[in-house]
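Below: one structure, written as structure tokens.
Protein chains in written order, with the numbering used here: chain A, 69 to 350; chain B, 4 to 354; chain C, -16 to 277; chain D, 12 to 354.
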């Protein structure tokens, strides 16, 4: 079971490297940071390809059809492109088939030629590497920003304005406590909105209303901060719990050994270059 | 407040007449022997008289806004006709979304209307926002100390409006750094944001007349992952010690990581985001924070272009409409619960 | 009195690292010595509502469990998942799992491996794991309109038609309840906007505590039924499930969240004390400055 | 000029209007596009663009190594990390598993025993039932990262003369298989780093609240008071705070608010002390020790603050933000805002 122990030592080492940042910027943190940047960039590139491009784009353009049969001429021409792509992707036949499995990608049951558009827009993005034709990427950016504006316009208007108006109604038949609380929420919302008025001077009665509004906002910020403290502490507890689990004999006392090692190195380093504390980089 | 007393009393009068009209239809078939139908004429006449009086008082006291009031009333009349007669157009519309469609149309028309008004030269007052004046001052401080300026456009991709707003603000900040010849460093977490940010910065440096200062790697990609990005930006901050840090875009949990590190290196920090859960962290840890809507209007503030300032005015008017709608819904829902009004306005908002 | 004053003033501008040390110790000690710091857990209203909603479902009803959290938010949300799965498996509720985050998959696998074996539930009959589908809102909209266009196979590749419990399950309306375990976006807000509100399906959520203030407006107007707020929410739900299970004569391992709550309390007390000291010293320095000026 | 400037603007306006009015127009083509395809296209374009980003990051790190900038040694780690992740994703699946077929009745039980204790599965009878009803070969639920690891395990099963065959998970599924090299990287490198960075927040939250929660002005005091009450209320310790402590704090609060209006210091202190004495005496006489009124318990106050003023603040903020987004989206769709196209 040495793989298990090896794994746990790496976990403890990386965790303590990041915690060493609390003391100060030091070689351990720099190492952990750069490993993290490299691994996560690669991780997301792999996830993007294997869970987006291959299943959703190629899967829709060249699905594995049951009744392949002789199909129309157009269809066999279309699937010959698929074979060419596979030929290229397996390094002219050397590597084993990975990206384009035999006869199409399982998942969708009909060809969707509309998905050629994102395929083209995606290649336009990659054309950014060629300076002369780089401006084509603007078409892809234009599509994305247009889509964002259209989708978010309606979804925020609907869920964050209309439904909030509906929610501000008060059930007058219930007991006095709920009615008063309902009124407090109503007044708080109205004064909060008044604070967000830009084209009117916040003077006189308008100014006091907006002041009450900012008070409600401050209570909300304090409350969500208090809430966040709780959430963050529980994450720290989760980490320290794992370190505690890995400090037992079963993992060759991983946590104590590594933490002592790091503390000693930090002491030496801060003692050695105590002089040039503020080394600015080139 | 005396001026508005007449307007408020007239609009309450209109409200009461609407309720009486509603009550008459639902409950009585005849009153004091008068057939209901000829009562309609009496109500319509009194209704139009009060409406005319209201419009006259508004045009006398608020001449500038009379156009806006006519326009909103015209809109309401169109929607009423459209709902009552049900013009053929309804067939291409999904049943039940006519109200939502009319709200979208009303908001768009109000915004467009006030943009046109601003374009035609009307002066618009905008209250000062603390964070925006500080941008110039922060970049100036960075130039004096010979340090660079760090701009973080959030960790979301261009599928969030906050990122687009952040990039527009990046344009203004880039213009200031070009003018002051300060170093600008823009680490990004998404490749599409990298490309769009490079377009914006190249444009700003061109507009400031210093295209020579612009180089592509000023905007550089770190990683797609939220916390690896935060670790990378922390590293940049602690090693390069920028004098000014901007956090403008959509942020999640890593906002405090950046803000606390920025505070520990003593930089001026200006933050702005539309994510409600992160604003408390920015308010506590940064020098200036653009809260929610202030962040979205900041780009229009800085651009000084009339149509953008007009759209802020339009935004305020729509906010006024939303507040009026809330009050109206509250009252009408109260009446509905008390049984005085037959129509429950809340069903209007169901999707 | 003078020395006391400038001790307090010095307390006002402590170096960051001392604060980090204090917080670190305040969490470490309760974890090393849990029995010194046991505190009562009183389930609050929001957690009670969630418990009653699940308790109301009879045996055989279908619940869609959506995993939207990753390893970094596991300490807060995973105890909820375990307690919830135990509660549902005891009531023989059919659990359908989907993941909207890539690492949500791993979280669901760990949870099912641990709990399914405890109540020897079989994959395909009592629970099914449909795995991760990228696309965030598009996935929720897909599940709301037609699940079969989105998912053709489950996590380990068996096609849906072979899975007995997936028969005539076409969209979100075929589920009796939706539970979103969310740590960000896509999360509970998107489930309300695109699936449960438009289709009128009962839904509740367990989420990280930072998100609670954004989700509360939906809980207030009934779009979401109750909410498990962060680790305290998890501990409260564990408490409720424990009382329920012991009343049915079943033994239950003590929940993770409960044991961590004492460390949570200690850390909170230390932070509140730090804030109070900070303010006392701020008040004293302001007076000195004012006295100095006068 | 036309292609560079007008066509992108044209695309923004068309797609913006299409996705906006897609929610109202009643034909399936548009509805399907807005609901599913629009965001799916975005994800595909984003996945293409990720390679641009990774290339840029690699270029900068390698330049740093070549030019030996400060801390260049760490860039090697970044480039190595990236290479390992890409290798695990594209070139080496490392997700082999063994399929055992045509197991006869006699050695069904010993095989099940061996599997349960070797892979410490929970109970044996599920293993037996899985083997018996697995028509085309039973997949042993263990993923071996290396070929040799799989062969070593097979030797243990040789004595049962069942034919075994090493297979590996299909490409794409190997990312999710819980034993493959990729998932090893995820669990042992990616997860500890990201959850520890997240856990750093606990320290930063403490230092930020220590520094920022100061009674500079009335608003900052509100921030402080609601923060502390929330922190104490949500945690079991909050219940242990007795009612009279809360009563004294309330009197202090009232005193602090009314301080500017009462000029004379002596009257002010008199009032505050008098208030406390009055509050406590009323309390003890009314027997609040046994059943303190709800209003004086921290968790109840916290619930009230959390349910009403916070909801009001959140709702105002939400509506403000939604309006900001609506106005910005409108400006984008109408084409007033186009700096992201670099015109």
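Ideal Cβ placement from N, Cα and C applies to all residues, glycine included. Keep in mind that this is a model prediction, so the values were computed, not measured.
Asked: Run through chain C and tell me which residues come within less than 9 Å of residue 115 of chain A, C-beta to C-beta.; Found: 85, 117
Asked: Express the C-alpha separation of residue 209 of chain D and residue 260 of chain C in angstroms, rounding to a whole number.; Found: 27 Å
Asked: Could you tell me whether any Cβ in chain C is nearer than 7 Å to the Cβ of residue 51 of chain B?; Found: no
Asked: Just the Cα atoms here: how many angstroms apart are residue 17 of chain B and residue 46 of chain B?; Found: 10 Å
Asked: If we cut at 7 Å on Cβ distances, does residue 251 of chain C have a partner in chain D?; Found: yes
Asked: Are any of the Cβ atoms in chain B nearer than 7 Å to that of residue -2 of chain C?; Found: no
Asked: I'd like to know whether the C-beta atoms of residue 42 of chain C and residue 74 of chain C end up nearer to each other than 7 Å.; Found: yes
Asked: So does the stretch 177 to 186 of chain B actually touch the stretch 200 to 220 of chain B, counting three or more Cβ pairs closer than 8 Å?; Found: yes
Asked: Judging by CA-CA distance, which residue of C:81, C:273, C:175, C:206 is the nearest neighbour of residue 114 of chain C?; Found: C:81
Asked: Pick from A:115, A:97, A:99, A:145: whose alpha carbon is nearest that of residue 197 of chain D?; Found: A:115
Asked: Can you pull the chain A neighbours of residue 128 of chain B, defined as C-beta to C-beta under 8 Å?; Found: 267, 268, 269
Asked: Would you say residue 34 of chain D lies against chain A (beta-carbon separation less than 7 Å)?; Found: yes
Asked: For residue 275 of chain D and residue 266 of chain B, what's the separation of their Cα atoms in angstroms?; Found: 40 Å
Asked: When we look at the beta-carbon of residue 63 of chain D and count the other beta-carbons within 10 Å, is it buried (16 or more) or exposed?; Found: buried
Asked: Among the candidates B:21, B:130, B:52, whose CA atom is the shortest distance from the CA of residue 267 of chain A?; Found: B:130
Asked: Need the endpoints of the beta strand (DSSP E) that residue 281 of chain B sits in, please.; Found: Segment: none, residue 281 of chain B is in no beta strand (DSSP E) and carries neither H nor E.
Asked: Pop quiz: residue 321 of chain B and residue 334 of chain D are said to be a contact at Cβ under 8 Å. What is the actual Cβ separation, rounded to whole angstroms?; Found: 6 Å
Asked: Name the two residues that bound the continuous beta strand (DSSP E) containing residue 154 of chain B.; Found: 152 to 155
Asked: What first and last residue would you give for the alpha helix (DSSP H) that runs through residue 99 of chain D?; Found: Counting along the chain, residue 99 of chain D falls outside any alpha helix (DSSP H), and DSSP gives it neither H nor E.
Asked: Do residue 175 of chain A and residue 135 of chain C have their beta-carbon atoms positioned less than 7 Å apart in this structure?; Found: yes
Asked: With DSSP collapsed to three states, give me the class of residue 188 of chain D.; Found: coil
Asked: Applying a beta-carbon distance threshold of less than 8 Å, which residues of chain D neighbour residue 118 of chain A?; Found: 100, 182, 183, 186
Asked: Would residue 262 of chain C pass as a contact of residue 227 of chain D if the rule is Cβ separation under 7 Å?; Found: no
Asked: Please report how far the alpha carbon of residue 242 of chain D lies from the alpha carbon of residue 265 of chain C, in whole angstroms.; Found: 21 Å
Asked: Relative to chain D, which residues along the stretch 186 to 217 of chain A have a C-beta separation below 8 Å, given in chain order?; Found: 186, 187, 189, 190, 191, 193, 194, 196, 197, 203, 206, 207, 208, 209, 210, 211, 212, 213, 214, 215, 216, 217
Asked: Who are residue 186 of chain C's beta bridge partners in DSSP?; Found: C:161
Asked: Rounded to whole angstroms, what is the Cα-Cα separation between residue 235 of chain D and residue 222 of chain D?; Found: 11 Å
Asked: If you follow the beta strand (DSSP E) that residue 295 of chain C is in, where does it begin and where does it stop?; Found: The structure shown does not extend to residue 295 of chain C, since chain C spans only -16 to 277, so no value can be given for it.
Asked: Which of helix, strand or coil does DSSP assign to residue 159 of chain B?; Found: coil
Asked: Any contact between the stretch 44 to 58 of chain C and the stretch 188 to 205 of chain D? By contact I mean 3 or more CB pairs, one from each, below 8 Å.; Found: yes
Asked: Could you tell me how far apart the beta carbons of residue 238 of chain A and residue 251 of chain A are, in whole angstroms, since I believe they sit closer than 8 Å?; Found: 7 Å
Asked: Mind checking if residue 352 of chain D is an interface residue toward chain A, Cβ cutoff 7 Å exclusive?; Found: yes
Asked: Residue 76 of chain C by DSSP, collapsed to three states: which one?; Found: coil
Asked: Measuring straight from C-alpha to C-alpha, what distance separates residue 205 of chain C and residue 85 of chain A?; Found: 45 Å
Asked: Would the beta-carbon of residue 295 of chain B fall within 7 Å of that of residue 192 of chain D?; Found: no
Asked: Could you tell me whether the Cβ of residue 228 of chain D comes closer than 7 Å to any Cβ of chain C?; Found: no
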